[in-house]
Amino acid sequence: MHKLTKTLFFLIFMPMAAWSQLPDDFPSVTQADFPDASVSSPRVFTGSSLFGYMNGGAELYLEYGFSLAAITEVSLSGGRYKIEVFKMNGPEEAFGIYSVSKFRCLDMPSYSGHTCRTSYQLQICKGQYYVSIINSNGTAADSTASARIGSLVSERIPAGELNLAGYLPGASIGSIKTGCFLARGPLGIVNGEPDLEDCFRGLKDFTAVILRGEEDYTISVKFGDTDSMNNFISQNNIGTAGDQVSGSDVNLPARLLSENHLIIKKHR
Amino acid sequence: MKKAKLNRRKFFTILGTGSAVLAMNPVAAMVPVKPRQPEKPATNISDAQKVARNADSMPGAFPGKVVAVKDLRSVEGDVPVEGIAYLMLQKSMLELTGEKKLEKAWKKFVKPGEKIGLKVNPVAGKLLSTSHAVVQSVVKQLTESGIDRKDIVIWDRRAMELTDVGFTAENYPGIAFRGTECQDENGSFIDKDGKLYGERNIDREWYYWADVEGEYDSETMPYMVNGGKFSYFTRIVTREVDKIINIPVLKNAGGSVTNAMKNLAFGSVSNTGRLHEKLWNETCAEVCAFAPIRDKLVLNICDGLRGCFNGGPGANPQFICNYHTMLVSSDPVAMDRIAYDIIASKRIEEGLQKVPVPESLTFLKMAAALGLGVAEREQIDLRSFNLG
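What follows is the structure, encoded as structure tokens:
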């Protein structure tokens, strides 16, 4: 880029970058919400600028499809809380990042369809938003304050449609909430269930919803096109002609749910 | 249910037997093929090998030797304890070098008058940064060994992240702090001439070229410094420090490990966003093969007092754990291989994977092939100690 053009570019656009504003309807918290607390101005990241917040960790969010994040810090009643609100490209993307980020939830508060509380973190998935509230000390008081913040943020998020029943017909809502994750690429698979990495190696353009059962995985994969699906099928030797497979339950092909949408089971 | 043999083909079962679905099943004619390996973009790794190695070049004074010290007292209430970290570091240094006196041990790596750069890792913020317990212990032992505080620099890619986690003059009087990407007092990344401050901190004479274009919007550019196919080394490593002491945090990256090599490679060059997807392994290995890192890195001290076993390199609290461990080695490749075992063991314990898969550590194999260290577990001389 010519030097003058480059200089003009930065003079015009960089100030916008440094002081990005949140849309008015973005579900964040402000000082007005907590007059008794100290609330920082949000740090805002859009698209690939998420690298600026979390370096390589951004790859996972970008793989799912990320739009905008606001990071706010709140000091409230002696506790410190980092509130991360990620607007993903849709409800599936939000559930995806939530599903591979939660782990051993102590309980699932009812702010939205999908929540997970641990001592140090409250995670919420609602509509196209994934919210993480991290506290410093892991105390009961921190959980109470996190709940207050989480409830407030959640109220500001319009409910979105997330219908995983289409991926897992017959599966209970409870099993989906506790044992299911959604992946859109290799990073999602590795973070959700690394033992399945080989099954998806080299594949792109898919949405996989995977339910962990006690003895097996139910793997429901919607592909962007038939070629991708056929690659998956051939890579995993699913139901190939002449398949010599032992066991009464394994010698049948996978089931097609719809065009380019396959569902299979795999022993854990 | 009858158990199928451990064969991928035999693992797959069906959910249903709908005849209509079976009739349209497109599978039967498929011929199994191996997963396609995407073609790797070219890099300028051959340039790295044109510069002759010196006596300090990686893997340094003790190739393949790693000291692991564990002490359950090293974390209290999820906060690392400096006094214990000091003892762990002392034990590690003496065992690594075979010296009886700590000063002599340190002087195997650094000398008074040299500029010593401490490469920390604050990227996950206060939750999981290189701990002050470990960094303060390093600074203390360096000064006790005759290194002047004014010759110590704590550095990373982003100056603001250093400040955020407490690498400040207030906490480290007399020590310097440097970051490639930085803002002014008003929070702006650009100077009065419209240039990124970061541009002043890159050295265009040293670069890692890869045939992948870095294209960033205006909001991302301050964190990348430049786009295009060149990743320039920071002047911190090319011109400002004489020796590098690498102090990463014990973290996973998916089923792999992000520790010594990753901390150095991605922390030392610009325009990294383009490298994650297609060249993560290559970057971790190849950037470290260039002289500014290869010939200046003398010591690696892995802060495993606290670390994570999933969700890395970010910090999700539920995946953070107390490993109570410190690893010390001049060989970052060997150290990463041992770090992998610790993380894999924890992941298995937590039910995140069934068995270790060290074969997946591609970047370590590449680094070993470049002569940067020892990657094969059976060739690593691991000395383990429990202090408490």
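Sequence order for the protein chains is G and D. First residue of the first sequence? That's 1276 in the working numbering, and the numbers climb one at a time after it. First residue of the second sequence? That's 126 in the working numbering, and the numbers climb one at a time after it. The C-beta atom is built at its ideal place from N, Cα and C for all residues, glycine as well.
Buried versus exposed, by CB contacts within 10 Å (16 or more), residue i
i: residue 197 (chain D); result: exposed
i: residue 165 (chain D); result: exposed
i: residue 256 (chain D); result: buried
i: residue 1352 (chain G); result: exposed
i: residue 1343 (chain G); result: buried
i: residue 1489 (chain G); result: exposed
i: residue 1436 (chain G); result: exposed
i: residue 226 (chain D); result: exposed
i: residue 1418 (chain G); result: buried
i: residue 443 (chain D); result: buried
i: residue 178 (chain D); result: exposed
i: residue 312 (chain D); result: exposed
i: residue 485 (chain D); result: buried
i: residue 1287 (chain G); result: Annotation note: pLDDT 48 at residue 1287 (chain G) (below 50); position unreliable, coordinate value reported separately. That one is exposed.
i: residue 344 (chain D); result: buried
i: residue 1334 (chain G); result: buried
i: residue 298 (chain D); result: exposed
i: residue 296 (chain D); result: exposed
6 Å Cβ shell around residue i - same chain, five flanking residues per side excluded
i: residue 1480 (chain G); result: 1499, 1503
i: residue 1428 (chain G); result: 1302, 1406
i: residue 195 (chain D); result: 449, 450, 511
i: residue 251 (chain D); result: 290
i: residue 230 (chain D); result: 218, 219, 222, 224
Sequence-distant residues of the same chain with beta carbon closer than 8 Å to residue i, five excluded per side
i: residue 253 (chain D); result: 374, 376, 431, 432, 433, 440, 445
i: residue 1530 (chain G); result: 1537, 1538, 1539
i: residue 232 (chain D); result: 270, 271
i: residue 1364 (chain G); result: 1339, 1340, 1341, 1342, 1403
i: residue 499 (chain D); result: 184, 188, 189, 456, 458, 459, 462, 493, 505
Other residues of its chain near residue i: CB distance less than 7 Å, five sequence neighbours each side excluded
i: residue 406 (chain D); result: 487, 488, 491
i: residue 1312 (chain G); result: 1349, 1350, 1351
i: residue 436 (chain D); result: 444
i: residue 482 (chain D); result: 380
i: residue 1465 (chain G); result: 1472
i: residue 1543 (chain G); result: 1490, 1491, 1492
Neighbouring residues, chain G, relative to residue i (Cβ below 8 Å)
i: residue 391 (chain D); result: 1330, 1331
i: residue 444 (chain D); result: 1378
i: residue 322 (chain D); result: What residue 322 (chain D) touches in chain G: nothing, since even the nearest Cβ is about 11 Å away.
i: residue 435 (chain D); result: 1378, 1466
Interface partners of residue i on chain A, CB under 7 Å
i: residue 479 (chain D); result: Although the question refers to chain A, the structure presented lacks it and instead comprises the protein chains G and D.
Range covered by the alpha helix (DSSP H) that runs through residue i
i: residue 265 (chain D); result: 257 to 269
i: residue 470 (chain D); result: 457 to 474
i: residue 322 (chain D); result: 322 to 325
i: residue 287 (chain D); result: 284 to 289
i: residue 1475 (chain G); result: 1472 to 1475
i: residue 430 (chain D); result: Note, residue 430 (chain D): premise wrong, no alpha helix (DSSP H); beta strand (DSSP E) at 422 to 433.
i: residue 497 (chain D); result: Premise fails: residue 497 (chain D) is in no alpha helix (DSSP H) and is neither H nor E.
Residue i CB to nearest heavy atom of the ligand NAP below 8 Å
i: residue 1487 (chain G); result: Among the ligands in the structure shown, none appear at all, so the ligand NAP cannot be discussed.
Span of the beta strand (DSSP E), counted from its first residue to its last, around residue i
i: residue 363 (chain D); result: Looking at the DSSP string, residue 363 (chain D) is not in any beta strand (DSSP E), and its letter there is neither H nor E.
i: residue 409 (chain D); result: No beta strand (DSSP E) contains residue 409 (chain D), which is instead part of the alpha helix (DSSP H) from 400 to 411.
i: residue 1396 (chain G); result: 1396 to 1401
i: residue 1407 (chain G); result: 1404 to 1410
i: residue 218 (chain D); result: First-last for residue 218 (chain D): 207 to 222, but that is the alpha helix (DSSP H), not the beta strand (DSSP E).
i: residue 1359 (chain G); result: 1354 to 1363
i: residue 1483 (chain G); result: 1481 to 1487
i: residue 452 (chain D); result: 450 to 454
i: residue 1388 (chain G); result: No beta strand (DSSP E) holds residue 1388 (chain G); DSSP gives it neither H nor E.
Under 9 Å from the C-beta of residue i: neighbouring residues of chain D
i: residue 1484 (chain G); result: The premise fails here: residue 1484 (chain G) is roughly 13 Å from chain D at the closest Cβ pair, so nothing lies under 9 Å.
i: residue 1327 (chain G); result: 283, 306, 344, 345, 347, 348, 349
i: residue 1396 (chain G); result: 441, 442, 443
Contacts that residue i makes with chain G (C-beta to C-beta distance below 9 Å)
i: residue 248 (chain D); result: 1329, 1330, 1331, 1332
Contacts that residue i makes with chain D (C-beta to C-beta distance below 7 Å)
i: residue 1321 (chain G); result: 344
i: residue 1465 (chain G); result: 379, 380
Neighbour list for residue i in chain G, Cβ cutoff strictly below 7 Å
i: residue 401 (chain D); result: 1331, 1334
i: residue 398 (chain D); result: 1323, 1326
8 Å Cβ cut-off: residues of chain D touching residue i
i: residue 1462 (chain G); result: 379
i: residue 1408 (chain G); result: Per Cβ cutoff of 8 Å: no residues; residue 1408 (chain G) is ~10 Å from chain D at best.
i: residue 1453 (chain G); result: None at all; the shortest Cβ gap to chain D is about 14 Å.
At least three beta-carbon pairs within less than 8 Å, the segment 382 to 402 of chain D to the segment 337 to 349 of chain D: yes
Meets three-Cβ-pair contact criterion under 8 Å: the segment 1396 to 1414 of chain G and the segment 1442 to 1461 of chain G: no
Cβ contact check for the segment 348 to 355 of chain D and the segment 317 to 336 of chain D: 3 or more pairs under 8 Å: yes
Meets three-Cβ-pair contact criterion under 8 Å: the segment 1330 to 1350 of chain G and the segment 1391 to 1401 of chain G: no
Given 8 Å, three or more beta-carbon pairs between the segment 1414 to 1433 of chain G and the segment 1454 to 1474 of chain G: no
Touch test, the segment 408 to 418 of chain D against the segment 383 to 399 of chain D, Cβ-Cβ under 8 Å, three pairs minimum: yes
Cβ contact check for the segment 277 to 287 of chain D and the segment 356 to 366 of chain D: 3 or more pairs under 8 Å: yes
Inter-stretch contact (C-beta, 8 Å, three-pair minimum) for the segment 412 to 429 of chain D and the segment 298 to 309 of chain D: no
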